Every structure is written in structure tokens, then in C-alpha cells.
Amino acid sequence: MNQISLVNEQSMNNLMTSLDIAELTGKRHADVMRDVRHEIEELGVEIGERIFAHTSYKDKSNRDSPCYKFGKEGAMQLALKYDAKTRYKVIKRIEMLEQQQNTHSYMIEDPVERAKRWIIEQQEKQLLIAENSVKDQLIGELKPKADYTDKILQSTGLMTITQIAKDYGMSAQKMNAILHELKVQYSQNRQWLLYSKYHAEGYTHSETIPITHSDGTPGTKLNTKWTQKGRLFLYQLLKKNGILPTIEKRNEV
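Heads up, the sequence shown is in the numbering used here, so the first residue is 127 and it goes up one at a time.
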């Protein structure tokens, strides 16, 4: 087997690499790299890059060369691409790595190996603590955003500017003024109209309704409501300008 030195590797013994798969399958490493890239593409970047991490190793010329590292999930995902004998080899390798991972330092008789294993265990514990801390913070930061965007995506109807303004804890008058400042709309004959650059974006739906003026003469008025696409556009624009819906401001306190 090619001996590799993973850059920034944290002694996670249950990780395999694309080099391991190349050895087990008898394939060229370049072909295995291609297989991994194909899996990432098929799974989608969000899932694929969570399973397969791009890293590097020192080749025979002591140069950094690309490879992928992954755990049991990634190994099994790749194994499904190969024949029965190769799948068996991959499964046995996983079992061996898991057995090594589950051998605690106090179970090792050799004092040198026991010390090495203890160091690895401590590194893994610290890494896990750090990873969990980061995940907790990210989840906390993303949840209010997800809550509000989910609320938008789950809605299907049209909304008045008054309803949208309520999400931000402000009046329709104030919201209209802000959208005017942000060059989204302008006032004409006491009605708010979108600037032409937004006309064809599907952000609003307008209809004329009959009205009676104070002097008794008939007329019409434009009644404009925002689509959910428009509501999402406003959310992204307002957020960019430091204006958040109440649900997100609550979670920042």
C-alpha cells in the first residue's frame, strides 16, 4: 500500500482515502478520484462534500497531491459502484478500521502503543468538542433565518405591504418609505409603483378596482399585492441593508 501523510490530518483512524480504495480495487488513483467526483455530483454538492473531504498527501516525490478522505458512509457509497468481491474487500477494511478505533488505550499491553493510542484519543476528543461547538453556533445562527424563509416558501398566497411590514414590526407607511429609499418603488398619484427594472420579475400582482371619489365621480385604483417571490426578494434586500424580520431579531438578542 502507498504510505501517505495527510495534510492537517487529525489521526482519525476510521477515515479511509481514495488511495485505499485504489489499492482495494486495483484501479488507478486518478480513476478513483474521478469516481468520487462523480458521486459528489450525483449526490449534490451539499451532501457530497459532507461525505467526501478533499485533502492532499505526500507522493513519492514529497509533493502535495490531491486525494479524498471519508468515513464508512463514503466508503460504502463508493463500494456500491464496484463488483461483489471488491465490495467485500471494502467492508472488511471498514470492519478492521472500526475494530482499531474501538480499541481503547487501556486495553493495549505495549506501553509505547498504549501511549500513542491515548494521545490519539485525546486529539479526537478535543476535535469532537471543537466541531460540536462550531456546529451549535452555526445551528443557532441559521435557525431563525431558516424559520423565516421556510415561512415564506410554505406560503402560496399574495400579501399586502401591511402584512409584510408586520413581519418587521413596522407600519406599511414606514415600509413603503424604506422601499422608496432603496429604489424599489416610487409614488405617483398617491400610489406606490415599482421601478421598471422590477416589472417583469414577478414580484407583485396588481389589479384595478373601481372606487368612488369624494365628489361622487367614479374612478379606479391600482391594488398591488406582493407574491411570495417578491416577499423573498424584499427579505434578501432588506437583510442586505441591515433590516431583519422580528423573528430573526428576537434570536439575535
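Beta carbons: idealized from backbone N, C-alpha and C, even for Gly. Note that the structure is predicted; figures quoted are calculated from it, not measured.
**Prompt:** Identify the residues that DSSP records as bridge partners of Thr343: which are they?
**Reply:** On the sequence shown, residue 343 is found 217 positions in, with the first residue counted as 1. Thr343 is not bridged to any residue.
**Cβ pair count under 8 Å reaching 3, the region 363-373 against the region 323-333** = No: the two stretches stay apart, fewer than three of their Cβ pairs being nearer than 8 Å.
**Message:** Let's see if you can read the secondary structure: which residues bound the beta strand (DSSP E) around Ile335?
**Reply:** Position 209 of the sequence shown, counting from 1, holds the residue named residue 335. Its beta strand (DSSP E) spans residues Thr330 to Thr338.
**Item:** Sub-8 Å separation of Ile304 and Ile373 beta-carbons
**Value:** As a working note, residue 304 is residue 178 in the sequence shown. As a working note, residue 373 is residue 247 in the sequence shown. For Ile304 and Ile373, no; Cβs fall outside 8 Å.
**Prompt:** Using the rule of at least 16 other Cβ atoms within 10 Å of the residue's Cβ for burial, across every protein chain shown, is Ile337 buried or exposed?
**Reply:** The residue you call residue 337 lines up with position 211 of the sequence shown. The residue is exposed, with fewer than 16 neighbouring Cβ atoms inside 10 Å.
**Request:** Verify whether the separation of the beta carbon atoms of Thr212 and Ala205 is less than 8 Å.
**Result:** If you number the sequence shown from 1, residue 212 lands on position 86. If you number the sequence shown from 1, residue 205 lands on position 79. Their beta carbons are under 8 Å apart, which means Thr212 touches Ala205 by this criterion.
**Prompt:** Distance, Cα to Cα, Cys193 vs Val216?
**Reply:** In the sequence shown, the residue the question calls residue 193 occupies position 67. In the sequence shown, the residue the question calls residue 216 occupies position 90. So the alpha carbons of these two residues sit roughly 18 Å apart.
**Request:** Could you tell me the boundaries of the alpha helix (DSSP H) in which Leu358 lies?
**Result:** For the purposes of this step, residue 358 is identified with residue 232 of the sequence shown, where counting begins at 1. From DSSP, the alpha helix (DSSP H) with Leu358 extends over Gln354 to Lys366.
**Item:** For Lys198, the first and last residue of its enclosing beta strand (DSSP E)
**Value:** As a position in the sequence shown, residue 198 is number 72, starting the count at 1. Per DSSP, Lys198 belongs to no beta strand (DSSP E); it is in the alpha helix (DSSP H), Lys198 to Ala205.
**Asked** Hey, would you say Tyr294 sits closer than 8 Å to Pro371, going by beta carbons?
**Response** Numbered from its first residue, the sequence shown carries residue 294 at position 168. Numbered from its first residue, the sequence shown carries residue 371 at position 245. Yes, these two residues count as a Cβ contact at 8 Å.
**Message:** With a threshold of 6 Å on Cβ separation, who are the neighbours of Val158 within its own chain once the five nearest residues in sequence on each side are excluded?
**Reply:** Counting from 1 along the sequence shown, the entry for residue 158 is found at position 32. Around Val158: Ser144, Ile147 and Ala148.
**Asked** With respect to the alpha helix (DSSP H) encompassing Leu305, which residues constitute its N-terminal and C-terminal limits?
**Response** Here residue 305 corresponds to residue number 179 of the sequence shown, with the count starting at 1. That run of the alpha helix (DSSP H) goes Ala298 to Glu307.
**Asked** Is Asp161 buried or exposed, if buried means 16 or more other CB atoms sit within 10 Å of its CB?
**Response** In the sequence shown, counting from the first residue as 1, residue 161 sits at position 35. Under this definition Asp161 is a buried residue.
**Item:** Identity of the residues DSSP links to Tyr194 by a beta bridge
**Value:** On the sequence shown, position 68 is the one that residue 194 refers to. Per DSSP, His180.
**Asked** What does a CB cutoff of less than 8 Å around Gly174 pick up in its chain, not counting 5 residues either side in sequence?
**Response** For the purposes of this step, residue 174 is taken as residue 48 along the sequence shown, with counting starting at 1. So the list reads Glu165, Ile166, Glu167 and Glu168, once near-sequence residues are dropped.
**DSSP bridge partner residues for Lys351 (one or two, in chain order)** = In the sequence shown, the residue the question calls residue 351 occupies position 225. BP columns for Lys351 point to His331.
**Item:** Any non-hydrogen atom of the ligand MN within 7 Å of Met301 CB
**Value:** For the ligand MN, the structure offers nothing, since it holds no ligand at all.
**Start-to-end residues for the alpha helix (DSSP H) that takes in Ser144** = Residue mapping note: residue 144 aligns to position 18 of the sequence shown, counting from 1. Counting along the chain, the alpha helix (DSSP H) containing Ser144 begins and ends at Ser144 to Thr151.
**Request:** Just mark Leu141 as buried or exposed, buried being the case when its beta carbon has 16 or more other beta carbons within 10 Å.
**Result:** Your numbering for residue 141 matches position 15 in the sequence shown. The residue is buried, with at least 16 neighbouring Cβ atoms inside 10 Å.
**Message:** Cutting at 6 Å between CB atoms, please list the residues of its own chain near Lys198, excluding the five before and the five after it.
**Reply:** Along the sequence shown, read from residue 1 onward, the residue named residue 198 stands at position 72. Once the five neighbours on either side are set aside, the close Cβ partners of Lys198 are Ile220.
**Request:** Could you tell me whether the Cβ atoms of Thr353 and Tyr321 are closer together than 8 Å?
**Result:** Within the sequence shown, numbered from 1, the residue matching residue 353 stands at position 227. Within the sequence shown, numbered from 1, the residue matching residue 321 stands at position 195. Against a cut-off of 8 Å, the Cβ pair of Tyr321 and Thr353 comes out as no contact.
**Message:** Going by C-alpha to C-alpha distance, which of Phe196, Leu223 and Leu284 sits closest to Ile177?
**Reply:** Mapped onto the sequence shown, residue 177 falls at position 51. Selected option, being the one with the closest Cα: Phe196.
**Request:** Compute the beta-carbon to beta-carbon distance between Met285 and Arg357, rounded to the nearest angstrom, for a pair I have assumed lies under 8 Å.
**Result:** Position 159 of the sequence shown, counting from 1, holds the residue named residue 285. Position 231 of the sequence shown, counting from 1, holds the residue named residue 357. About 6 Å; that satisfies the 8 Å criterion.
**Item:** Best match in Met222, Ser313 and Lys309 for proximity to Lys323 [C-alpha to C-alpha]
**Value:** Position 197 of the sequence shown, counted from the start, is the residue given in the question as residue 323. When only C-alpha atoms are compared, the closest one is Lys309.
**Rounded straight-line distance, which links the Cα of Ile245 to that of Thr151** = Within the sequence shown, residue 151 is the residue found at index 25, counting from 1. Within the sequence shown, residue 245 is the residue found at index 119, counting from 1. Thr151 and Ile245: Cα-Cα distance of roughly 32 Å.
**Item:** Range of the contiguous alpha helix (DSSP H) that encloses Leu320
**Value:** Against the sequence shown, residue 320 aligns to sequence position 194. Segment Gln317 to Leu320 is the beta strand (DSSP E) holding Leu320; no alpha helix (DSSP H) there.
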